[in-house]
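J.: Numbering (our numbering), first residue to last: 442 to 807.
Take this structure first; my questions come after.
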Ligand code: M6R
């Protein structure tokens, strides 16, 4: 059932091009002019009345929500809050009938997320679930559902669910922005054709994993690893750190690169591995100066950058390139090397990759 792979996790990592293709299939207009989400029954008027979006989820799905916030705010200009489901309902959230609550859950069974969904409904919000499991509790509870078509995810560590959630979030943001007339036809077309390129680009990354494997073997016995990035790269850094902690038990922290000097820099000493994401062109120079800060403390820096970036090589010890992509879509590519890094580090350390200690695939207790 592992299809020749050693673990479900690596199988699922390799399934990502297909999972993403399935999730997009029939949802991209043939001429790239718009997104088709026939499942959604919102009218233009209803969407115009939305004053706020809250995204509620746990773990990796929460991290996907952070990327979703960026997409939704920039394209639809609606303010978005992202909340951890176990916190949401205990703080009297400011939610009413002009709020759209989006819950994200691979399994559709996470108890905290389900409870948050019920609370949002009770407060009058319109609710939408993004889930991978048809007929799951969350899919039944929400007013509307859009499915990621990732196929069953068995490994406890979520991989293909995350990337398909990102793809769906970007499509949803384009769709909502279309209803609210806040996106130009040109930008919409640009993003949709970018989405179409993703499966082939993911393949490209998966074809050459040797250098990532080597880094994982080399640094797999370090006890601390830092991930830094700005903007969308910061959201991806959080997912990279979670993945590493979860399956390799290495202590990892993700920091907004600009926050380093407000505390974390004290922990950066000689030999500490720092994974620096630098895929976002608009904050590139700023990220580079943060990379120089950690390099000056003799950290070992692994840069994740877009192909063609010759400059970064001067400042880092190793570079992993992702194929060139729109800054919005770069996270969907940039997370792959991080998933692989976590996987090979866990294998190197002899960890139980698919069933990390103390964790369950679906958390149905509070
Ligand atoms: O099924 P869900 O998406 O609701 O699960 C949420 C989290 O429990 C899950 O993403 C968890 O963080 C993963 N094990 C991370 O890899």
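All residues carry an ideal CB built from backbone N, CA and C; glycine is no exception.
To the nearest angstrom, how far is the alpha carbon of residue 715 from that of residue 742?
T.: Position 274 of the chain shown holds residue 715. Position 301 of the chain shown holds residue 742. So the two alpha carbons sit approximately 5 Å from each other.
J.: Sort 543, 588, 746, 538 by Cα distance to residue 524 and report the nearest one.
T.: Taking the first residue of the chain shown as position 1, residue 524 is located at position 83. With distances taken between Cα atoms, residue 524 lies closest to 543.
J.: In the DSSP output, which residue or residues are listed as bridge partners for residue 747?
T.: Translated into positions along the chain shown, residue 747 becomes position 306. Answer is 763.
J.: Between residue 676 and the ligand M6R, is the CB less than 8 Å from at least one heavy atom?
T.: As a working mapping, residue 676 is identified with position 235 in the chain shown. Flag unset: Cβ of residue 676 not near the ligand M6R.
J.: What distance in whole Å lies between the Cβ atoms of residue 454 and residue 493, which are believed to be in contact at a cut-off of 8 Å?
T.: Residue 493 sits at position 52 when you count from the first residue of the chain shown. Residue 454 sits at position 13 when you count from the first residue of the chain shown. 35 Å between Cβ atoms; not a contact.
J.: Would you check if the distance between the CB atom of residue 586 and the CB atom of residue 572 is smaller than 9 Å?
T.: Position 145 of the chain shown, counted from the first residue, corresponds to residue 586. Position 131 of the chain shown, counted from the first residue, corresponds to residue 572. Cβ atoms of residue 586 and residue 572: closer than 9 Å.
J.: Grouping DSSP H, G and I as helix and E and B as strand, with all else coil, what is residue 526?
T.: On the chain shown, residue 526 is found 85 positions in, with the first residue counted as 1. Of the three classes helix, strand and coil, the one that applies to residue 526 here is helix, per DSSP.
J.: Between residue 689 and residue 787, is the Cβ-Cβ spacing less than 9 Å?
T.: Within the chain shown, the letter at position 248 stands for residue 689. Within the chain shown, the letter at position 346 stands for residue 787. Closer than 9 Å, so yes.
J.: Taking 8 Å as the limit between beta carbons, can you name the residues of its chain near residue 477, skipping five residues before and five after?
T.: By 1-based counting over the chain shown, the position of residue 477 is 36. Once the five neighbours on either side are set aside, the close Cβ partners of residue 477 are 467, 468, 469, 470.
J.: Taking Cβ positions, are residue 745 and residue 719 nearer each other than 9 Å?
T.: As a working note, residue 745 is residue 304 in the chain shown. As a working note, residue 719 is residue 278 in the chain shown. Contact: yes.
J.: Is it the case that the CB of residue 550 approaches a heavy atom of the ligand M6R more closely than 8 Å?
T.: For this step, residue 550 is matched to residue 109 along the chain shown. Checking every heavy atom of the ligand M6R against the Cβ of residue 550, one is found closer than 8 Å.
J.: Closest to residue 647 by CA distance: which of 675, 764, 569, 620 is it?
T.: Residue mapping note: residue 647 aligns to position 206 of the chain shown, counting from 1. Comparing Cα positions, the closest option is 764.
J.: Can you give me the start and stop residues for the beta strand (DSSP E) that residue 681 sits inside?
T.: Taking the first residue of the chain shown as 1, we reach residue 681 at position 240. First-last for residue 681: 673 to 689, but that is the alpha helix (DSSP H), not the beta strand (DSSP E).
J.: Please classify residue 475: does DSSP put it in a helix, a strand, or coil?
T.: Stepping through the chain shown from its first residue, residue 475 is reached at position 34. If DSSP states are grouped into helix, strand and coil, residue 475 belongs with coil.
J.: Considering only the alpha carbon of each residue, which of 712, 516, 536 lies closest to residue 522?
T.: The sequence position of residue 522 within the chain shown is 81, counting from 1. Comparing Cα-Cα distances from residue 522 to each of 712, 516, 536, the minimum goes to 536.
J.: Measure the Cβ-Cβ separation of residue 485 and residue 613 and say whether it is below 9 Å.
T.: In the chain shown, residue 485 corresponds to position 44, counting from 1. In the chain shown, residue 613 corresponds to position 172, counting from 1. No.
J.: Check the DSSP bridge columns for residue 665 and list the partner residues they point to.
T.: Residue numbering aside, residue 665 sits at position 224 when the chain shown is read from its first letter. According to DSSP, which records beta bridges pairwise, residue 665 is partnered with 692.
J.: Which one of 694, 679, 655 has the shortest CA to CA distance from residue 665?
T.: Taking the chain shown and counting its residues from 1, the one referred to as residue 665 is at position 224. Considering only alpha carbons, the answer is 694.
J.: Can you determine whether any heavy atom of the ligand M6R sits closer than 8 Å to the C-beta of residue 601, and answer yes or no?
T.: For this step, residue 601 is matched to residue 160 along the chain shown. No, the ligand M6R has no heavy atom inside 8 Å of this Cβ.
J.: The beta strand (DSSP E) with residue 588 in it runs from where to where?
T.: Here the question's residue 588 lines up with position 147 in the chain shown. Here the beta strand (DSSP E) through residue 588 covers 585 to 588.
J.: With respect to 8 Å, is the separation between the Cβ of residue 506 and the closest non-hydrogen atom of the ligand M6R below this value?
T.: Against the chain shown, residue 506 aligns to sequence position 65. Residue 506 Cβ: outside cutoff for every heavy atom of the ligand M6R.
J.: Can you name, in chain order, every residue of its own chain whose Cβ lies under 6 Å from the Cβ of residue 709, other than the five neighbours on each side?
T.: Against the chain shown, residue 709 aligns to sequence position 268. Around residue 709: 735, 738, 740.
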